[in-house]
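Visitor: Protein chains in written order, with my numbering: chain A, 93 to 507; chain B, 51 to 353.
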Amino acid sequence: MDPATGHDAVADVAVENGRIVAIGPDLDATGFEVFDATGMIVAPGFIDMHVHLREPGFEHSETIETGGRAAAAGGFTSVCCMPNTNPVNDSAVVTTYIIERARRLSPVSVFPIGAITKGSLGEELASIGAMKQAGIVAISDDGRPVMNARVMRRAMESAKAFGLPVINHCEDLNLSAGGDMHEGFESVRMGLRGIPACSEDVMVARDILLAEVTGAKYHVAHISARHSVEMVRYAKARGLNVTTEVCPHHFTLADSDILPFDSNYKMKPPLRSCFDVEAVTEGLASGAIEVIATDHAPHPGSEKMQEFERCPFGITGLETAIGLSLEQLVHKGRVSLMRMIEMFTVNPDRILTLGKGRLTVGGEADITIFDTDRKWTFDLNKSQSKSRNTPFHGREFLGGQVASIVAGKIVWQLG
Amino acid sequence: MGTGLLGIEGLDRSEIEAYLNRAKTFQSHGGSDFKKLDTLRGKMLVNLFFENSTRTRTSFEIAAKRLGADTISIASSGSSVSKGESLVDTLNTLAAMRPHAIVMRHAASGAPHFLARYLDTPIINAGDGMHEHPTQALLDALTILDHKPALEGLRVAIIGDIIHSRVARSNVHLLSKFGAQTVLCGPAPMLPQDMGKLAAGVILTNDIREAIDGADVIMMLRVQLERQHETPFPPGDYFRFYGLRPEHLALTRPDTIVMHPGPINRGREISSEVADSQRSVILNQVENGVAVRMAVLEKVMGA
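What follows is the structure in structure tokens.
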């Protein structure tokens, strides 16, 4: 299945020297190594446009190598890594370091996202042009939203000139200050400080207005609140170049699903109300949201085994993304299988221009193979990630990744 | 998980009644003719206070000693906590010394709940952040029952910094389970609308006169400056709008009682005249704290 062409048929895919050489029924397999994908879905290699690989600086949480392996084991062939490393990826030197490390150590393609501002401090613009030349595919101060509207405007102007999208983690830090979970009945009940949905909404609103002023390509990271979805819909209706992504946990879990005070349920944006869960699901179904991204955010157990309010935000997500998407979207009839694949392939590529996400004869052979009806259980102890912070340990899935092929090479397959 | 006491929310009415009935039998043990019991002889209780407390810690210690238990009290300053040890490691270390229960107070909501998932030693929550303070709600109920025939049908006004108050949350849960009506009152930024959904029979108001109208019980709360990251209400205006004064008592029935979990701030949330008036049962609350904690310790550490 290839959403870019609408191709949906039983077929063989022939790969030679890392490229697809033929797609069609009953190809002659003589001389080829055969991967039997009978009854499975063969799709363009999946892209996760929002991950944290933690390298350089936080190698105790994850590395480019382990994060790359987790991506492959999750059915992904390309990932885009956020710049909140140490040092922050705000210069061509760090960008080059990441690309070089990935070339040697990661089984999947790694595309760095550069910082918007120096040190992601939100004040002075980073070397956006130099990073672009070094290989970044977007700019973002993910985790540290650009609070100053003037800085954001300048960033959008620069990004537009360099042909890069601006990705923002939308959170007004004054409204969310001190918060640990979604503000609502559950936060009141547990006596935890709230992160109100409006802290996301006001920044989405601001950025959409700035995107109109600047004409920039603008992408809302990990959208979670219903009014934010409405505003993205509004921006699209006005013809603005505004896109957004949602994380599997945000269309799967609500704040009422949190195991009390278990930090594996703590992330930003937080798990929101059931109304927000429905709104992002509806957004995926209607087209207001076009990308599924994991926000894979590894943290070691020592940091997550603490009082809830002291734990860092974030959960891992690479290895459960396909399972959760099938479970919540496809099996429930909210989104067709073709559309689900689109949100993992050609849609992120349209935003980032990676030259990926399509099955084309002559094109690079990045392929994701998955099934839709096999029962399996996610076992954290078999995770390829260096970290163990996820609420989905022990969850049973119907269908999931079977193999990941990068440039014609099987980098992971179900063992 | 050891069966300690983490909160009121998860208890049913009969469990609460059992604690209260047992506590009533201990109320008479406060006199000068009191003789130490040996119910918990040979048992060890660790009091672990990560947040300062005078009354609660002392109250647990006295309760344990009256039942014949040995107690060790640890305050966070001067302990390994201040040397950077994690909460899990501290508790594992203490649990390895095999106490029969750990009483714990912590500034983080849910800290005892989080630990209870990993420890076999029963944990008694002596206040966790803004979440729950179960023994306070039990002693408040016992105090109300000293002055009223039953909790059912009562109108209880809780006034002050509601959002930051574990006392308010535990009391709302307890009173609701017994069919009492709770009126929560405070400045708007300290009174989130979702508080009204916490349990059945909860009403919200920002007007102190409306809150005390027809009240059988008035509970005043301290403004918890240590938990506020901002100044949500002008401190200079607080007493004028939310401080309980004699003029307010004049609007209530003669049998309306005034409570406060302490420590009280005279001239801030309560005037001295009210705190020291015949209506005030603040010291009865302190006294009942020991009886209630004896009942809790006996249940958790006994047998």
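Using N, Cα and C, we set each Cβ at its ideal position, and we do this for glycine too.
Run through chain B and tell me which residues come within less than 7 Å of Leu-284 of chain A, C-beta to C-beta.
Guide: Chain B residues near Leu-284 of chain A: Ser-159.
Visitor: Could you say which of A:Pro-362, A:Asp-104, A:Gly-110 lies nearest to Thr-457 of chain A if we only look at CA atoms?
Guide: Residue 457 of chain A is actually Ala in this sequence, not Thr. Comparing Cα positions, the closest option is A:Gly-110.
Visitor: So, is Arg-161 of chain A buried or exposed, given that buried needs 16 or more other C-beta atoms within 10 angstroms?
Guide: Per the 10 Å Cβ criterion, buried.
Visitor: Across which residues does DSSP place Leu-490 of chain A in a beta bridge pair?
Guide: In DSSP, Leu-490 of chain A forms a bridge with A:Lys-467.
Visitor: Buried or exposed for Arg-236 of chain A, going by 16 or more other Cβ atoms inside 10 Å?
Guide: So Arg-236 of chain A ends up on the buried side.
Visitor: Go ahead and pull the three-state DSSP assignment for Ala-207 of chain B.
Guide: Correct three-state label for Ala-207 of chain B: strand.
Visitor: Taking only beta-carbon atoms, is Met-51 of chain B less than 7 Å away from chain A?
Guide: Low per-residue confidence applies at Met-51 of chain B: pLDDT is 41, beneath 50, and the placement is therefore not dependable, though the value from the model is reported in the following sentence. Answer no: the Cβ-Cβ gap between Met-51 of chain B and chain A never drops below 7 Å.
Visitor: Using alpha carbons as the reference points, say which of A:Glu-370, A:Gln-225, A:His-388, A:Ala-218 lies closest to Asp-381 of chain A.
Guide: One point to set straight first is that residue 381 of chain A is Ile, not Asp, in the sequence displayed. Per the Cα distances, A:Glu-370.
Visitor: Beta-carbon within less than 8 Å of Ile-205 of chain A's beta-carbon, same chain only, minus the 5 sequence neighbours each way: which residues are those?
Guide: Counting only Cβ-Cβ distances below 8 Å, and skipping sequence neighbours, we find Cys-172, Cys-173, Met-174, Pro-175, Asn-181, Ile-228, Val-229, Ala-230, Ile-231, Ser-232, Asp-234, Ile-259.
Visitor: Classify Asn-71 of chain B as helix, strand or coil using the three-state DSSP reduction.
Guide: If DSSP states are grouped into helix, strand and coil, Asn-71 of chain B belongs with the helices.
Visitor: Have a look at A:Val-202, A:Ala-499, A:Gln-398 and flag the residue whose alpha-carbon is nearest the alpha-carbon of Ala-166 of chain B.
Guide: Of the listed residues, the one whose Cα sits closest to Ala-166 of chain B is A:Gln-398.
Visitor: What are the start and end residues of the beta strand (DSSP E) that includes Pro-136 of chain A?
Guide: It spans 133–136 - the beta strand (DSSP E) in which Pro-136 of chain A sits, taken as one unbroken run.
Visitor: Leaving out the 5 sequence neighbours to the left and right, which residues in its chain are closer than 7 Å to Phe-400 of chain A when beta-carbon positions are compared?
Guide: Here the set comprises Asp-272, Leu-284, Phe-353, Ser-355, Lys-358.
Visitor: Starting from the beta carbon of Met-397 of chain A, find every residue of chain B whose beta carbon is closer than 9 Å, and list them in chain order.
Guide: Within 9 Å Cβ-Cβ: Ser-136, Leu-137, Val-138, Phe-164, Tyr-168.
Visitor: Is the number of C-beta pairs between the segment 300–316 of chain B and the segment 262–277 of chain B that are closer than 8 Å three or more?
Guide: A contact exists between the segment 300–316 of chain B and the segment 262–277 of chain B.
Visitor: With distances taken from CA atoms, which of B:Ile-262, B:Asn-175, B:His-150, B:Pro-304 is nearest Gly-92 of chain B?
Guide: Cα-wise, what sits closest to Gly-92 of chain B is B:His-150.
Visitor: List, in order along the chain, the chain B residues whose C-beta lies closer than 7 Å to that of Phe-353 of chain A?
Guide: Within chain B, the residues near Phe-353 of chain A are Gly-160, His-163, Phe-164.
Visitor: So is Glu-337 of chain A in contact with chain B if we call contact Cβ pairs under 7 Å?
Guide: For Glu-337 of chain A, the answer is no, since every Cβ of chain B falls outside 7 Å of its Cβ.
Visitor: Leaving out five residues before and five after Ile-262 of chain B in sequence, what residues of the same chain have Cβ atoms less than 7 Å from its Cβ?
Guide: Ala-207, Ile-268, His-298, Leu-301, Thr-302.
Visitor: Going by C-alpha distance, which of A:Val-102, A:Lys-478, A:Thr-306, A:Ile-115 is nearest Thr-452 of chain A?
Guide: Checked all of A:Val-102, A:Lys-478, A:Thr-306, A:Ile-115; the closest Cα to Thr-452 of chain A is A:Ile-115.
Visitor: Quick one: complete alpha helix (DSSP H) runs, 4+ long, within the segment 236–323 of chain A?
Guide: Taking only runs of at least 4 residues, the alpha helix (DSSP H) segments lying wholly in the segment 236–323 of chain A are 241–253, 265–268, 277–282, 289–306.
Visitor: So the beta strand (DSSP E) Thr-590 of chain A belongs to, where does it begin and stop?
Guide: The question about residue 590 of chain A has no answer, for chain A in this structure spans 93 to 507.
Visitor: Do we get a CB-CB distance below 7 Å when we pair Val-280 of chain A with the residues of chain B?
Guide: By this cut-off, Val-280 of chain A is an interface position.
Visitor: Identify each residue in the segment 229–248 of chain B for which the Cβ-Cβ distance to at least one residue of chain A is less than 8 Å, and report them in chain order.
Guide: Under the 8 Å Cβ criterion, the segment 229–248 of chain B contributes Pro-242, Asp-244, Met-245, Lys-247, Leu-248.
Visitor: If you draw a straight line from the C-alpha of Ser-219 of chain A to the C-alpha of Gln-225 of chain A, how long is it?
Guide: Straight-line Cα distance between these residues: approximately 10 Å.
Visitor: If you draw a straight line from the alpha carbon of Phe-124 of chain A to that of Leu-444 of chain A, how long is it in whole angstroms?
Guide: Phe-124 of chain A and Leu-444 of chain A: Cα-Cα distance of roughly 33 Å.
Visitor: In chain order, what residues of the segment 175–209 of chain B put their CB closer than 9 Å to some CB of chain A?
Guide: Cβ contacts with chain A come from Asp-178, Gly-179, Met-180, His-181, Glu-182.
Visitor: Can you check whether the CB of Arg-426 of chain A is closer than 7 Å to the CB of Thr-373 of chain A?
Guide: Closer than 7 Å, so yes.
Visitor: Can you say whether Asp-62 of chain B is buried or exposed, counting buried as having 16 or more other CB atoms within 10 angstroms of its CB?
Guide: Exposed is the call here.
Visitor: Assuming contact is defined by CB atoms lying nearer than 7 Å, are Thr-232 of chain B and Ala-265 of chain B in contact in what I supplied?
Guide: Contact: no.
Visitor: Contact defined as beta carbons within less than 8 Å: I believe Ala-119 of chain B pairs with Leu-90 of chain B. What is the distance between those atoms, to the nearest angstrom?
Guide: Right, the Cβ-Cβ distance comes to about 4 Å (below 8 Å), so this counts as a contact.
Visitor: For Leu-217 of chain A, which of helix, strand or coil comes out of DSSP?
Guide: Three-state result, Leu-217 of chain A: strand.
Visitor: Which first and last residues belong to the alpha helix (DSSP H) in which Lys-227 of chain B is found?
Guide: Start and end: 216–227.
Visitor: When the Cα atoms are used, what is the spatial distance from Tyr-168 of chain B to Val-138 of chain B?
Guide: Rounded to whole angstroms, Tyr-168 of chain B to Val-138 of chain B spans 8 Å at the Cα level.
Visitor: Could one say the Cβ of His-223 of chain B lies closer than 7 Å to chain D's Cβ atoms, at least one of them?
Guide: No chain D appears in this structure, whose protein chains are A and B.
Visitor: On the three-state DSSP scale, how would you describe Val-138 of chain B?
Guide: DSSP places Val-138 of chain B in helix when its eight states are reduced to three.
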